[in-house]
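In our numbering, the protein residues as written are 39 to 150. From the three backbone atoms N, C-alpha and C, an ideal C-beta is built for every residue, glycine too. Here the structure is a predicted model, which means the values were calculated and not measured. Only one structure is covered here, and it is reproduced in the block below.
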Amino acid sequence: MTMKKLLALLFAGSTVFSIQSMAAEPSAVPEPPDIPPPVVSGESLEPDVTIIKKEEGTLYEYRVNGLLYMVKVVPQLGPPYYMLDRDGDGEFDSRGSDPTNVSVPQWVLFRW
C-alpha cells in the first residue's frame, strides 16, 4: 500500500513542477532571418515550348537558353512519351552499339 501512496505522491509532485515551469516567463522569440532578394538574371527560368502539329501527331519541343533538351511526342494513337537530350548538345543521340547510352522513351503514368 505504501508503494501506491509513493507513486501518487511522485505523480502529484511532477504535475506541480510541470505547471510551475509552464507558468515561468517564456523566452523571447528570435527575430526572423532576412529574406534574400529575388533572383535577377538574363536567363529565363522557364523553358520555351514550340508546338509542331503534324499528321502523325503533335511535337512539343522544350528549350532553355535556345538549347533543345526534351521533346514530348503526342501521337494520334497511343500515349504521349518524352525523348531527352542526354549530352546537352541539342541533338538526340542514337543508341548505337553502346548499351549504356540508352535513350528510353518516358511516359507519364500518374499526374496530380
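message = What does the alpha-carbon distance come out to for the pair P118 and K110?
response = In the sequence shown, residue 118 corresponds to position 80, counting from 1. In the sequence shown, residue 110 corresponds to position 72, counting from 1. Near 7 Å, if we compare the C-alpha coordinates of K110 and P118.
key: Helix, strand or coil at L105 according to DSSP, with G and I counted as helix   = Numbered from its first residue, the sequence shown carries residue 105 at position 67. Residue state, collapsed to three classes: strand.
message = Taking the alpha-carbon of V104 as reference, which of V87, D72 and K43 has the nearest alpha-carbon?
response = Locating residue 104 in the sequence shown gives position 66, where the first residue counts as 1. Before going further, note that residue 104 is Gly rather than Val in the sequence given. Nearest of V87, D72 and K43 to G104, Cα basis: V87.
key: DSSP state of K92 mapped onto helix, strand, coil   = Counted from its first residue, the sequence shown places residue 92 at position 54. In the structure shown, K92 falls within a coil segment according to DSSP collapsed to helix, strand and coil.
query = Hey, L106 and D123 are a contact pair by Cβ (cut 8 Å); roughly how many whole angstroms apart?
reply = Taking the sequence shown and counting its residues from 1, one reaches residue 106 at position 68. Taking the sequence shown and counting its residues from 1, one reaches residue 123 at position 85. That pair is a contact at about 6 Å.
key: Backbone secondary structure at T48 - three-state DSSP   = Here residue 48 refers to the residue found at position 10 of the sequence shown. The amino acid at residue 48 is misidentified as Thr; the sequence shows Leu. Correct three-state label for L48: helix.
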